[in-house]
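In order, the protein sequence lines correspond to chains A and B.
Numbering-wise (our numbering), the first sequence opens with residue 621 and increments by one.
Numbering-wise (our numbering), the second sequence opens with residue 45 and increments by one.
Idealized CB from N, CA, C, for every residue including glycine.
What you are looking at is a predicted structure, and each value in this text was computed from that prediction instead of being measured.
Read the structure below first, then the notes.
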Amino acid sequence: MTITESAASTVLGKRRLRKEDPALLTGEAKFTSDLNIPGALHLAVLRSPYAHARILSVDVSAALAVPGVVAAYSGADLAPLWAGPMPCAWPVTDDMKNPTHYPLAVSKAAYVGDGVACVVATSDTAAHDALDAIDVEYEPLPAVIDLEDALSDRVVIHDELGTNRSYTWDLKCEGEDGQVDRAFADAAYTVSEHYVHQRLIPMAMEPRAVAAVPQPFGGDITLYSSTQVPHILKVMTALTLGIPEHQMRVVAPAVGGGFGAKLNVYAEELLCTALARKHKLPVRWTEERTENTQATIHGRAQRQHIELAADADGKLTAVRVRLLADMGAYLQLVTPGIPLLGAFLYGGVYDLPVAYDFSCTSVFTTMTPTDAYRGAGRPEATYAIERAMDALADTMGIDPLELRRRNFIRKDQFPYTAMTGLVYDSGDHDAAATKAAELADYDGLRARQATQNVDGATKRLGVGVCSYFEMCGLAPSRVLASLNYSAGGWEAATVRVLPTNKIQVVTGTAPHGQGHETAWSMIVAEKMGVDPDDVDVLHSDTAIAPLGLDTYGSRSLPVGGVAIAMACDKVIDKAKKIAAHQLEANEDDLEFAGGNFTVKGTPDKAMPLAAIAFEAFTAHNLPDGLEPNLEAQVTYDPPNFSWPFGTHICVVEVDTETGEVDVLKYVAVDDCGNQVNPLIVEGQVHGGVIQGLAQALFEEAVFDEDGNPKTSTLAEYLVPAASDVPPITLGHTITPSPTNPLGVKGIGEAGTIGAAPAVINAIVDALSGLGVTDMPMPASPQTVWTTIQSASTAAQGASK
Amino acid sequence: MIPAAFDYVRAGSAEEAISLIGEHGEDAKFIAGGHSLLPLMKLRLAQPSVLVDIGRLSDLSYIRDAGDHIAIGAMTRHMDIEKSPVLAEHVPLLAHAAGHVGDPQVRHRGTIGGSIAHSDAASDLPATTLALGATYVAQGPNGTREIAAADFFQGFLTTALAADEMLTEIRVPKMNGAGWSFQKFNRRAQDWAIVGVAAWRRNGESGVGLVNMGSVPILATSVSSALASGASIADAAEQAAAEADPQNDLNASPEYRVHLAKVLVRRALEEASK
Ligand SMILES: Cc1cc2nc3c(=O)[nH]c(=O)nc-3n(C[C@H](O)[C@H](O)[C@H](O)COP(=O)(O)OP(=O)(O)OC[C@H]3O[C@@H](n4cnc5c(N)ncnc54)[C@H](O)[C@@H]3O)c2cc1C
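Okay, here's the thing in structure tokens:
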């Protein structure tokens, strides 16, 4: 079954306002910090002001004297509370180096923001005031902020490892031995490009917040956290603190954004839980914005070297990639796996022979740990291949869109086995590119460009294209196993028809802004023939939804949503048995549509689901052997990833006198298969595009040479606001996924993946007449201006 | 993000505010809109022991035609300056500049007195009033005095105001039809200027104020003298940074700032000459 087949679709594919929004917009929704928890103690964490320092002593005695303070601890004081170190669930290689890391540092601080001591007090203000009274003696050590410097082991950050190198992970795929080298030797054209992905701060609107509430007499503990992963957090907290898992409950109340940064297990979650058990009182903590910029994971932070080989027509013949990835000071939950998520996408949307050579080396630095950030590995890969395609087009002197067309995997090649062995289930890149080019008036722009970008022009027009494939919906559990990931990729769903025909859905996904309650209700409504408002979606509480793998990697719809659809089918199967029994008909003669069972050919013999629900509840007259109630549970492990794709086109005008970039137009054509709710799809693409554009133009976590963060407030870390966002034109093609019965693909990260390369390609295109061939991110006015200056100085030098 | 503990008193009149400040001494501070002071306190970069709140002194919120100049009460919010018909007619440059301060929330809370007393070189109104040749009125325990804008800004966040003096009024000469331009160059619409230029031009006269081109708001006198002696706009704009001493920060190096100042002054003068 796919939705395109069922022309009768009444709910799916229709724009529908989100049922979550009234509570969020009126302030009625409760975030973790809004929870009223009588008697709660407040935690505050003292953080290292040094990027790298030995902790010689910690004296908390003066803090204890501050009014309201209940206790104060050093890292050493708390060591006995930890059953294990902070978890890293992705040991990508068997010899990966992973420094032991506890919620509070004991002997060394390894980044500015690393927790070294903490206070629990009766008020937030008392806890903060007391931090000033803690006396820590440090021996400052040299910072390591440059990746090459880290690799040199000039300064080794974690003594016990003896090196800053965490791992090297290779993926070499060749049809014949030596094929990559031969392709480069035989190539008509090659390009060799270096790109840098700056560090980014995910900056969710709601910083993290935690409240751990113990039941002093029962032994159970409830951990409220602003997290994307209540289920993973429950397992990890239980393991790390030695709490029997069945006594541990995790709840994610309303969560104000995550972007991957809340896909983690954080020190403060463990501290609050451990201290709540110790003090037998609730302990809560709310992150401050500056803490959020330092103690919550960062994203990207990779250096790339990509080489392409192509034949005389520009057909790609091999790709070689060398990555250097910045892990930051420690490995957080999935830190080491992020570059691997990109490793499979450096071939982009192109038809390549099996000639791929990828290697990633990861190093520790004395900066905030990195981890998943919207797109996680895939924006990096897409950026590299899409920037390199422009470089190749430039080398060949052909139009970048034309070069892409020559290389696209054709529609008739799907399902397509890629050089990495993964199977792309569906796609139509030419259609997406054609639609984007039409919406952007690509040919018209090129004509305008020819007249506008004349010698001496100070306002130059640029057009940038990015065609992308996204690998998401992570993922078949067995594929994850082959990548050494410690968890599966399935999702669980329960669909329960209540006696009055209202429906409860229990999902293991954990929405934090995506609109799952609306989307999941729509799936159920379509399947069961009820109104979406008659469906309640329960989630993000491990007592209600015990099994699940949460929300990240654009997985929720193609895995969790599909599980719900399958559970609906199971419920319908059972209902059909009851209907057949009561209508005295053969099951095979029954049809279900619009919430009604009818007997084929005898339309007056019918029974609505509402009646069956009540029959199932009273159980007075059920078929022999059938259990009462209408309820089904499904755990769905997807057979493949989900492969959304699209083409984005960005149009900029660059003021060469000031370096200012004005984004005139942004076109995004995304194909996420069948759309459940186009309104939500549009919202996801808008947000995603803006986040990618933010990387291209605005955002960077800056550190000075001593490892001090220089962007610890929103005045310095430039998150674009509404007035900085260009007009975005959206278009869609619909290529249903053959992998799942809903025909759906993820859309959460697509915009972010497409945007940064489209924007930078446009800027470089605008300035190509001035000798500019690359543009570092973020392309701030100063960076653009200095890049133009050095290109023109180089050009003058060359012509002398 | 939680300020250190402090005491708070609300003043009922300018006189009371001044005597409260005198009473509490060194560590006491006026608080007007709080939009410069509170961020510093939250970062614990400022830790005043007493705040004297002048926010409710509504008799200091006014915009009056005073003949050759417009008199603006120190407690007048940016939004009222932006929307004032009197200023639109007589000092449009100031009204326009006020419309570029921060975002709507900031403009509803921040005051022109607070902005000038705080004297952040990156703020828009100090440089704009400086370019316009404003006079500031200060009131202390012993009465009031007038301070020319050109003498007011003395160093980084330092002004001619004594610790127990309060800024009460800003007097801005009428522009009498002068052409003008306000160029604010920033990365996001709500940000402080990386470089800003407030300029006016009438016959041989001109005034050019620079935002964020040194530790104090800058009056680009070399540009005005070049214009007065007949230089072209392009040549005069080359003098843009003659009085400046720009700093280095994440957004701009000194060299880039100097370059921007020249480009923006040229554009401002071109616009003001239309
Ligand atoms: C997010 C944000 C963005 C901003 N963006 C801009 C911008 O783009 N451009 C810009 O120009 N400004 C900007 N500002 C600053 C804003 O304009 C401030 O409101 C203004 O600079 C200070 O005015 P205030 O009334 O808030 O002063 P307060 O913060 O109350 O006081 C500032 C200082 O002046 C002293 N003071 C206040 N009033 C008097 C007085 N009458 N006499 C003597 N001393 C006094 C106080 O003691 C204190 O030291 C921004 C502020 C924020 C928070």
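- Considering only beta carbons, the part of the region 283-300 of chain B lying closer than 8 Å to chain A consists of Leu294, Asn295, Ala296, Ser297 and Tyr300, in chain order.
- The C-beta distance from Gly177 of chain B to Pro217 of chain B rounds to 6 Å, short enough to fall under 8 Å.
- Across the region 1280-1300 of chain A, CB contacts with chain B closer than 9 Å involve Glu1280, in sequence order along the chain.
- For Tyr106 of chain B, no beta strand (DSSP E) encloses it, and the DSSP letter there is neither H nor E.
- Following the DSSP letters along the chain, one finds Gly1064 of chain A inside the alpha helix (DSSP H) bounded by residues Tyr1062 to Gln1072.
- Within the chosen limit of 8 Å, ligand 1 reaches the beta carbon of Ile75 of chain B through at least one heavy atom.
- Listed along the chain, the chain A residues whose CB falls inside 7 Å of the CB of Met45 of chain B are Glu908, Arg909 and Thr910.
- With respect to chain B, the C-beta atom of Trp1405 of chain A has a partner C-beta closer than 9 Å.
- Between the region 1167-1174 of chain A and the region 1121-1130 of chain A, the count of C-beta pairs closer than 8 Å reaches three or more; the two stretches touch.
- In the structure shown, the three-state DSSP call for Asp1275 of chain A is strand.
- Relative to ligand 1, the beta carbon of Ile238 of chain B is positioned no closer than 8 Å to any heavy atom.
- C-alpha of Gly1047 of chain A to C-alpha of Tyr970 of chain A: approximately 11 Å in a straight line.
- At least one CB atom of chain A sits nearer than 9 Å to the CB of Gln234 of chain B.
- What Val307 of chain B touches in chain A, judged by beta-carbon distance under 7 Å, is Glu1277 and Thr1278, going in chain order.
- Across the structure, Gln922 of chain A and Arg54 of chain B are spaced so that their CA atoms are roughly 53 Å apart.
- Closest by C-alpha distance to Asp752 of chain A, out of B:Val309, B:Ala48 and B:Ala312, is B:Ala48.
- With the criterion set as a beta carbon lying under 7 Å from some beta carbon of chain B, the members of the region 1335-1351 of chain A are Glu1336, Leu1338, Pro1340, Ala1341, Ser1343 and Asp1344, in sequence order.
- Any Cβ of chain A closer than 9 Å to the Cβ of Ile75 of chain B would place that residue at the interface, and such an atom is absent.
- Among the bridge pairs identified by DSSP, Gly240 of chain B is matched with B:Lys228 and B:Val255.
- For Phe229 of chain B, the neighbours in chain A by C-beta distance under 9 Å run, in chain order, Thr1278, Glu1280 and Pro1401.
- Nearest Cα to Ala1057 of chain A within the set A:Leu637, A:Ala1378 and A:Glu813: A:Ala1378.
- Within chain B, Arg231 and Arg232 have C-beta atoms less than 8 Å from the C-beta of Phe1318 of chain A, given in sequence order.
- When secondary structure is reduced to three states using DSSP, Ser1087 of chain A falls in the strand class.
- Nearest neighbour of Gly187 of chain B by Cα position, chosen from B:His68, B:Ala58 and B:Asn256, turns out to be B:Ala58.
- No Cβ of chain A is located within less than 9 Å of the beta carbon of Ala280 of chain B.
- Residue state for Leu1094 of chain A is assigned as coil, using DSSP reduced to three classes.
- Rounded to whole angstroms, the Cβ separation of Asp1050 of chain A and Arg1025 of chain A is 6 Å, and the two are in contact under 8 Å.
- Per the C-alpha coordinates, the member of B:Leu294, B:Arg100, B:Pro261 and B:Asn230 positioned closest to Leu304 of chain B is B:Asn230.
- Distances from the alpha-carbon of His162 of chain B to those of B:His113, B:Leu84 and B:Gly221 put B:Leu84 closest.
- Nearest in C-alpha terms to Gly1093 of chain A, of all of A:Asp1045, A:Lys717, A:Gly1374 and A:Cys1270, is A:Asp1045.
- Among the residues of the region 745-763 of chain A, those with a Cβ less than 8 Å away from any Cβ of chain B are Thr745, His748 and Asp749, in the order of the chain.
- Distances from the CA of Thr990 of chain A to each of A:Ala975, A:Asp1010, A:Thr1015 and A:Pro959 were compared; the closest alpha carbon is that of A:Pro959.
- Here Val849 of chain A carries a coil assignment [DSSP, helix/strand/coil].
- Between ligand 1 and the CB of Asp71 of chain B, the shortest heavy atom gap is not smaller than 8 Å.
- Judged by their CB atoms, Tyr1105 of chain A and Ala709 of chain A are nearer to each other than the 9 Å cut-off.
- In the displayed model, Ala741 of chain A falls within a strand according to three-state DSSP.
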